[in-house]
Each structure stands twice: as C-alpha cells, then as structure tokens.
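Numbered per this note's numbering, the sequence shown spans residues 1378 to 1659. Just so you know, even glycine gets a beta-carbon here, dropped at the ideal spot from N, CA and C. Predicted model, so just to flag it, every value in this text is computed and none were measured. This report concerns only the one structure given below.
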Amino acid sequence: MSVQWLAFDSLVNARDVGGIPTVDGGRILPRRLIRSDNLQALTPDDIQRLRDLGVTDIVDLRSAFEVQAEGPGPLDHRAEFTIHRHSFFVEQVSVGAGAPGATGAAGDTGGIEASGANARDELPGDVLPWAGERPHTIQVEDGFASSYLSFLADRPESVLAALRAVAYADGAALVHCAAGKDRTGTTVALALMIAGADVDAVVEDYAASTERIDLILARLLARETYAENLSGRPASSHHTRPESMRAFLGYAEERFGGVEPMLGMIGWTPADTAQMRVKLRG
C-alpha cells in the first residue's frame, strides 16, 4: 500500500487514507478521511488546501488543557469548518463558560472491563500525550495498545463522538491531535475497521507516522505547550510500531469478536456502521 502523504506548509504528518484496501476487494475512497498533526500553525495556503480537499469537519482530539494552552487556532472562527472537540484523556480542567474543549469526568465503560488502576481525574499539567507514566485502565503487554484501549474505557463518549463526527461529516473529515499518531491513529484505525478495511493495511497506515517522527518532534518541541513534556525522550519512544496496533486490534478480536462488537458495548450502533461505510466507501 502506498501512503498518500499530503503536502502542507505547516503540517508534517498529514495523509489521506483513501486507497486503503478493504477485505472484499474494494478501496476506501479518497478525500473522505484525512489525518494530521495539530492545526495551530496553518497558513492561508494550508486553509485553501483543506478547502480543495473538501474538508468540512475537523475532529480535534487534544485535551482541554492543550486547547487552552495553545489558544485559538486558525480555523476556530471560520464558518466553512465545523470543529468537534473530544478529549480522550480523563481530565478536570477549569475553563470559562463557553470555552472550547471543555470536558467532564469519565463515562461508563459500557462493558469494556478495566484492569489495573481505575480512571481518575488528571491535574491539568498531566493532560498531555506523553506526561509521566499514566496508569492505564486496561493493561495488555504492549504499552501503546494499553493506552489506546484505555481511551475506550475512560472516555467512551469521546471515542463514539469522534467516530460519529467522521461518519456524519458533510464533506471530508480531518482528524488530528498533537502529533497525529496515537489518539488520531486510534480513531482512524477504528473508523477504517468499521468500514471493512484490510487489517494489514490499517496497521501499515498507523505505522507510517514513524517515517515523519523527527519532523513531528521538531515541530512540537518548538511549542511551549509540549517542549518540557517531550524534553529528554528519545525519538524511538514515539515510534508507531506495527505490533502496537496489532495488539490493540487483537484485543478487540479476541475479547469481543472484532472492533464493531467492542464499540457496540459502549453504544455504537448498526446505523452508525452503515453511515461510516457510506462515508468511507460510497
């Protein structure tokens, strides 16, 4: 599978998942689901590029702390884009009335059982992607897979809302977080699996972020919000390894019989699946 990298002035981890093969011999359609790193530095040319790609909906997976720390983004007050903000971290952040990205306590796990530490409120400074050794609500052998499974256990309402934002978008949906690799990678993998994508191709798409990891880290280290959090961590600790996504999807298959029944435990419906397939496959 050839990764469809997209060229932007300010983004280094942007790609269109169109062209990914499906298990029945089809393909994911282009210009339906795009993934990227954060959009805080979009240039006017970048914004026009999004328009040209048919993007209408932005799914922002950053925590409320990140949104507040970074401040308003270039798309925040543009009527042609609808921004959906859904944090995947358990957090309790003091935000003003109407402030973007405000989130509440963790929701019910909907049958996805937790092992290890229970979900807890995070202090604002801890609600960053690589903060400390956050205890995972679900523990498997792979640490990244544990993080991704814990998103579903800790913030099921956010995971469902992010996926529905993709499925029901008027045009193309762009999913992003900070680096565009973990929270974004989880959401995109789930959307692709719901649409019937080939699992090897889903894993390959997830792993492709490693190709851009030096550029991703350089960009984040230049931003005060992330610099201290990332300082001293080797680039290899941020790699998107194929075995992590295989462990994540393997847990869904072994415990629930697949991604769709796993999501069904937290409220995903057959109608949602049908809409995702229409969106990504036509």
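Work out the CA separation of residue j and residue i for me, nearest whole Å.
{"i": "Gly-1557", "j": "Ser-1413", "result": "5 Å"}
{"i": "Phe-1521", "j": "Ala-1546", "result": "28 Å"}
{"i": "Cys-1554", "j": "Pro-1506", "result": "9 Å"}
{"i": "Ala-1530", "j": "Val-1636", "result": "14 Å"}
{"i": "Met-1378", "j": "Pro-1407", "result": "14 Å"}
{"i": "Ala-1550", "j": "Val-1394", "result": "11 Å"}
{"i": "Ala-1599", "j": "Asn-1390", "result": "16 Å"}
{"i": "Arg-1532", "j": "Asp-1423", "result": "31 Å"}
{"i": "Gly-1396", "j": "Ala-1612", "result": "29 Å"}
{"i": "Phe-1633", "j": "Glu-1534", "result": "19 Å"}
{"i": "Gly-1659", "j": "Glu-1605", "result": "44 Å"}
{"i": "Ala-1441", "j": "Phe-1528", "result": "15 Å"}
{"i": "Arg-1439", "j": "Val-1580", "result": "22 Å"}
{"i": "Lys-1656", "j": "His-1461", "result": "17 Å"}
{"i": "Ser-1524", "j": "His-1463", "result": "16 Å"}
{"i": "Pro-1449", "j": "Glu-1631", "result": "42 Å"}
{"i": "Ala-1483", "j": "Gly-1609", "result": "Here the model assigns Ala-1483 a pLDDT of 35, short of 50, so the residue's position is not dependable, and the following value carries that caveat. Taking the straight line joining both Cα atoms gives about 31 Å."}
{"i": "Ile-1643", "j": "Asp-1434", "result": "23 Å"}
{"i": "Ala-1446", "j": "Ser-1614", "result": "24 Å"}
{"i": "Pro-1647", "j": "Asp-1559", "result": "26 Å"}
{"i": "Leu-1526", "j": "Glu-1588", "result": "24 Å"}
{"i": "Val-1517", "j": "Trp-1645", "result": "23 Å"}
{"i": "Val-1467", "j": "Val-1552", "result": "19 Å"}
{"i": "Glu-1499", "j": "Asp-1575", "result": "Residue placement at Glu-1499 cannot be trusted, given a pLDDT of 41 that sits under 50; what the coordinates show is reported in the next sentence. Distance between the alpha carbons of Glu-1499 and Asp-1575 is about 36 Å."}
{"i": "Phe-1385", "j": "Pro-1512", "result": "36 Å"}
{"i": "Leu-1597", "j": "Pro-1638", "result": "36 Å"}
{"i": "Pro-1619", "j": "Pro-1421", "result": "35 Å"}
{"i": "Val-1472", "j": "Gly-1402", "result": "Any answer about Val-1472 is weak, because its pLDDT of 40 lies below 50 and its placement is not dependable; what the coordinates show is given next. When rounded, the distance between both Cα atoms is 48 Å."}
Between the options, which lies nearest to residue i when the distance is taken from Cα to Cα?
{"i": "Ala-1624", "options": "Leu-1598, Ala-1584, Arg-1439 and His-1461", "result": "Ala-1584"}
{"i": "Ser-1586", "options": "Met-1642, Val-1579, Thr-1617 and Asp-1429", "result": "Thr-1617"}
{"i": "Ser-1387", "options": "Ile-1405, Leu-1640 and Leu-1419", "result": "Leu-1419"}
{"i": "Gly-1627", "options": "Glu-1601, Asp-1519 and Ser-1608", "result": "Asp-1519"}
{"i": "Val-1444", "options": "Tyr-1525, Thr-1602 and Leu-1594", "result": "Thr-1602"}
{"i": "Ser-1621", "options": "Asp-1577, Leu-1416, Asn-1415 and Pro-1647", "result": "Asp-1577"}
{"i": "Ile-1515", "options": "Arg-1654, Leu-1383 and Ala-1629", "result": "Ala-1629"}
{"i": "Met-1653", "options": "Ala-1566, Glu-1588 and His-1615", "result": "Ala-1566"}
Please state if the CB of residue j and the CB of residue i are separated by a distance shorter than 9 Å.
{"i": "Thr-1663", "j": "Val-1536", "result": "Nothing can be reported for residue 1663: it is not among the residues displayed for the chain, which extend from 1378 to 1659."}
{"i": "Arg-1541", "j": "Asp-1437", "result": "no"}
{"i": "Phe-1465", "j": "Ala-1539", "result": "yes"}
{"i": "Leu-1328", "j": "Ile-1571", "result": "Given a span of 1378 to 1659 for the chain in the structure shown, any question on residue 1328 remains unanswerable."}
{"i": "Asp-1582", "j": "Val-1400", "result": "no"}
{"i": "Leu-1594", "j": "Leu-1607", "result": "yes"}
Check whether the Cβ of residue i lies closer than 8 Å to any heavy atom of the ligand SAH, and answer yes or no.
{"i": "Val-1400", "result": "The ligand SAH is not among the ligands present in this structure, which contains no ligands whatsoever."}
Assuming residue i and residue j are in contact, meaning their beta carbons sit under 8 Å apart, how far apart are those beta carbons, in whole angstroms?
{"i": "Arg-1404", "j": "Pro-1398", "result": "6 Å"}
{"i": "Gly-1573", "j": "Val-1432", "result": "Gly-1573 to Val-1432, Cβ: 23 Å. No contact."}
{"i": "Leu-1410", "j": "Ala-1651", "result": "So it is not a contact: roughly 16 Å between Cβ atoms."}
{"i": "Leu-1416", "j": "Leu-1452", "result": "6 Å"}
Quiz item: With a cut-off of 8 Å, do at least 3 Cβ pairs link the segment 1423-1435 to the segment 1456-1465?
Solution: yes
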